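> From first to last, the protein sequence lines are chains A and B.
Mapping the first sequence onto UniProt numbering, position 99 (from 1) lands on 99, and the numbers just tick up by one.
Mapping the second sequence onto UniProt numbering, position 126 (from 1) lands on 126, and the numbers just tick up by one.
Mind having a look at this structure? Questions to follow.
There are 2 protein chains.
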Amino acid sequence: MADGRGPSSHTGENLLFLTDEQLRQGIEAMFFAYRGFTADPDKILVDMAYGRAHHRAIHFINRAPGTTVNNLLGILGVTKQSLNRVLRTLIADGLVKSQVGKTDKRERHLYLTDAGRALEQALSDAQRMRMRSAFRDAGPEAVAGFRTVLEAMMDPEMHHSYTRLKENGA
Amino acid sequence: MADGRGPSSHTGENLLFLTDEQLRQGIEAMFFAYRGFTADPDKILVDMAYGRAHHRAIHFINRAPGTTVNNLLGILGVTKQSLNRVLRTLIADGLVKSQVGKTDKRERHLYLTDAGRALEQALSDAQRMRMRSAFRDAGPEAVAGFRTVLEAMMDPEMHHSYTRLKENGA
DNA sequence: GAGCTTACGTCAGCGTTATTGACTTTCCAA
DNA sequence: TTGGAAAGTCAATAACGCTGACGTAAGCTC
Chain A
1 MADGRGPSSH TGENLLFLTD EQLRQGIEAM FFAYRGFTAD PDKILVDMAY GRAHHRAIHF
61 INRAPGTTVN NLLGILGVTK QSLNRVLRTL IADGLVKSQV GKTDKRERHL YLTDAGRALE
121 QALSDAQRMR MRSAFRDAGP EAVAGFRTVL EAMMDPEMHH SYTRLKENGA
Chain B
1 MADGRGPSSH TGENLLFLTD EQLRQGIEAM FFAYRGFTAD PDKILVDMAY GRAHHRAIHF
61 INRAPGTTVN NLLGILGVTK QSLNRVLRTL IADGLVKSQV GKTDKRERHL YLTDAGRALE
121 QALSDAQRMR MRSAFRDAGP EAVAGFRTVL EAMMDPEMHH SYTRLKENGA
């Protein structure tokens, strides 16, 4: 952080990490890293007729089995029509199962089939491998900082979705 | 590796931050944070006929003035045709200036016009505001960790582009 | 029970961003 | 002078997002 322009001042905090140049580098780091982040699963998806949207749907259905369409809509932040197109192909291909709600029959609860779980595994294995390697190289403290900054960067509603999933999976 | 079945071993490092659950949370954090990351400039762009691709082009032309088309192609990781469509509109709208190379007349060097710089400012102000707030909330150590992890997540070539730009701007 | 709302699905149309493939012009360099 | 690199363009295609509109089933409320 301190980049050679003198020791931290009497404010008790060195604010050099908030310069425009530092912020630009943060922006560029996000851009380049996100490309790496999606690269591995993307490679798997091109061979099928699927794209990133399918991956996201599969990820969150696996993460929160039995979730309703409306709930998924909120998490993914897309329109009903966009999600439905993806969901339709996933159901037709036998990767996702849609089940009418017991208490509220208007709702459809979404689950992965065995085939869906298999694809989820393949995709997230690829993505986790990179994440694991990055985490290991960076070390636990860097990972904690990484998470802290990302959480601070989310929109409040997204932060809620994130926290809910986190508590769910823990 | 150690996945939560006991205290840290004699390796001297607690590897609990590498469990699958931790990695999943990292993946989800990236997903939700990237949405926030792009949300503010996106809001500005919808009012014009532009999209995220225009933003990226403008950002990197501003960052490395005089860059060639080929160089930009490498940084953005898109095809010539994709970039060209974006570039054409930006030049037609007077935001970007394309200048034939002096030593090599095949090359076109790209610069922002005054109007282009103004838009770049507006876009990056919006994006930096969120980044600054996230950085400040998280603190310098978290920011350092954030950057370390993101760098470890990049593809090697992307890391080179990132480093070159970093040295350029510093 | 009537009427409003909610959850879901779907049709049609559109825009942005990306792709591949093929072709041309210009121009540097061996 | 010839090969190849840099750039620009045309055409076709696909993934993914959007809006608007419509229909059905079902829950809820008065």
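Each residue gets a CB set at the ideal place from its N, CA and C atoms; glycine is no exception.
Because the structure is a prediction, the values reported are computed rather than measured.
In chain order, what residues of the same chain lie with their CB nearer than 6 Å to the CB of isoleucine 75 of chain B, ignoring the 5 residues before and after it?
For the purposes of this step, residue 75 of chain B is identified with residue 75 of the second sequence, where counting begins at 1. Cβ neighbours of isoleucine 75 of chain B beyond the five flanking positions: Phe60, Ser161.
> Count the C-beta pairs between the stretch 52-59 of chain A and the stretch 120-127 of chain A that are closer than 8 Å, then say yes if the count reaches three, no if not.
The stretch 52-59 of chain A, when compared against the stretch 120-127 of chain A, does touch it at the 8 Å Cβ threshold.
> Going along the chain, which residues of its own chain have a beta-carbon closer than 7 Å to the beta-carbon of glutamate 107 of chain B, five neighbours each way excluded?
Numbered from 1 along the second sequence, position 107 holds the residue referred to as residue 107 of chain B. Result list for glutamate 107 of chain B: Thr68, Gly101, in chain order.
> Between glycine 94 of chain A and glycine 145 of chain B, is the Cβ-Cβ spacing less than 8 Å?
Sequence index remark: in the first sequence, residue 94 of chain A carries index 94 (1-based). Sequence index remark: in the second sequence, residue 145 of chain B carries index 145 (1-based). The answer is no: Cβ separation not under 8 Å.
> Could you give the first and the last residue of the continuous alpha helix (DSSP H) run that contains arginine 128 of chain B?
Within the second sequence, numbered from 1, the residue matching residue 128 of chain B stands at position 128. Arginine 128 of chain B -> alpha helix (DSSP H) spans 114-138.
> Tell me the DSSP bridge mates of histidine 109 of chain B?
Taking the second sequence and counting its residues from 1, the one referred to as residue 109 of chain B is at position 109. Answer by DSSP bridge pairing, in chain order: B/Thr68, B/Gln99.
> With three or more beta-carbon pairs closer than 8 Å as the criterion, would you say the stretch 16-32 of chain B touches the stretch 42-55 of chain B?
No, the stretch 16-32 of chain B is not in contact with the stretch 42-55 of chain B.
> Report buried or exposed for proline 140 of chain B, applying the criterion of at least 16 other Cβ atoms within 10 angstroms of its Cβ.
Position 140 of the second sequence, counting from 1, holds the residue named residue 140 of chain B. Buried is the call here.
> Could you check whether the Cβ of glycine 82 of chain B sits closer than 8 Å to any Cβ belonging to chain A?
The residue given as residue 82 of chain B occupies position 82 in the second sequence. Here the sequence assigns serine to residue 82 of chain B, which means glycine is not the residue at that position. So, not an interface residue.
> Pick out whichever of B/Lys80, B/Arg63, B/Ala64 has its Cα sitting closest to the Cα of asparagine 70 of chain B.
Walking along the second sequence from the start, residue 70 of chain B turns up at place 70. Measuring from the Cα of asparagine 70 of chain B, the nearest candidate turns out to be B/Lys80.
> For threonine 113 of chain B, which residues from the same chain have a beta carbon less than 8 Å from its beta carbon, with the 5 sequence-adjacent residues on both sides left out?
Numbered from 1 along the second sequence, position 113 holds the residue referred to as residue 113 of chain B. Same-chain partners within the cutoff: Gly94, Leu95, Val96, Lys97.
> Can you tell me the Cα-Cα spacing of alanine 134 of chain B and phenylalanine 37 of chain B, whole angstroms?
Position 134 of the second sequence holds residue 134 of chain B. Position 37 of the second sequence holds residue 37 of chain B. If I take the Cα positions, the gap works out to 10 Å.
> For glutamine 99 of chain A, which residues from the same chain have a beta carbon less than 6 Å from its beta carbon, with the 5 sequence-adjacent residues on both sides left out?
Locating residue 99 of chain A in the first sequence gives position 99, counting from the first residue. The answer, listed in chain order, is His109.
> Would you kindly work out how many angstroms separate the C-alpha atoms of alanine 49 of chain A and alanine 126 of chain B, rounded to a whole number?
If you number the first sequence from 1, residue 49 of chain A lands on position 49. If you number the second sequence from 1, residue 126 of chain B lands on position 126. Near 36 Å, if we compare the C-alpha coordinates of alanine 126 of chain B and alanine 49 of chain A.
> Measuring straight from C-alpha to C-alpha, what distance separates residue 209 of chain A and valine 78 of chain A?
Residue 209 of chain A cannot be examined here, being either before or after the span of chain A that is shown, 1 to 170.
> What are the start and end residues of each continuous alpha helix (DSSP H) run of 4 or more residues lying completely inside the stretch 20-60 of chain B, in chain order?
Listed in chain order, the complete alpha helix (DSSP H) runs (minimum 4 residues) inside the stretch 20-60 of chain B are 20-47.
> Would you grab the beta carbon distance between leucine 23 of chain B and arginine 128 of chain A for me? Rounded to a whole angstrom, and I think it's under 8 Å.
Position 23 of the second sequence, counted from the start, is the residue given in the question as residue 23 of chain B. Position 128 of the first sequence, counted from the start, is the residue given in the question as residue 128 of chain A. With 8 Å as the limit, leucine 23 of chain B and arginine 128 of chain A qualify as a contact, their Cβ atoms being about 5 Å apart.
> Quick one, are the C-beta atoms of glutamate 21 of chain A and glycine 169 of chain B less than 8 Å apart?
On the first sequence, position 21 is the one that residue 21 of chain A refers to. On the second sequence, position 169 is the one that residue 169 of chain B refers to. A contact, by the Cβ cut-off of 8 Å.
> For threonine 163 of chain B and aspartate 155 of chain B, what's the separation of their Cα atoms in angstroms?
One-based indexing of the second sequence puts residue 163 of chain B at position 163. One-based indexing of the second sequence puts residue 155 of chain B at position 155. Straight-line Cα distance between these residues: approximately 12 Å.
> Can you tell which of A/Glu167, A/Ala142, A/His54 has the C-alpha that lies nearest to the C-alpha of arginine 85 of chain A?
To locate residue 85 of chain A, count along the first sequence from 1; it is residue 85. Of the listed residues, the one whose Cα sits closest to arginine 85 of chain A is A/His54.
> How should histidine 10 of chain B be labelled, buried or exposed, when 16 other C-beta atoms within 10 angstroms of its C-beta is the threshold for buried?
One-based indexing of the second sequence puts residue 10 of chain B at position 10. Note on histidine 10 of chain B: pLDDT 39, under 50, position unreliable in the model; no value is reported.
> Verify the CB distance criterion: does glutamate 107 of chain B have a CB-CB separation below 8 Å to chain A?
On the second sequence, residue 107 of chain B is found 107 positions in, with the first residue counted as 1. No, because no Cβ of chain A sits closer than 8 Å to the Cβ of glutamate 107 of chain B.
> Would you say serine 161 of chain A faces chain B, with C-beta separation under 8 Å as the test?
In the first sequence, residue 161 of chain A corresponds to position 161, counting from 1. Serine 161 of chain A counts as touching chain B.
> Given that aspartate 93 of chain A touches chain B, what residues does it touch there, using C-beta distances under 7 Å?
Within the first sequence, the letter at position 93 stands for residue 93 of chain A. By Cβ distance, chain B contributes nothing, its closest Cβ being about 23 Å from aspartate 93 of chain A, past 7 Å.
> Are methionine 150 of chain A and arginine 136 of chain B touching if we call contact CB-CB under 8 Å?
The count along the first sequence starts at 1 and reaches residue 150 of chain A at position 150. The count along the second sequence starts at 1 and reaches residue 136 of chain B at position 136. Position check: residue 150 of chain A holds leucine in this sequence, whereas methionine was assumed. Contact flag unset, no.
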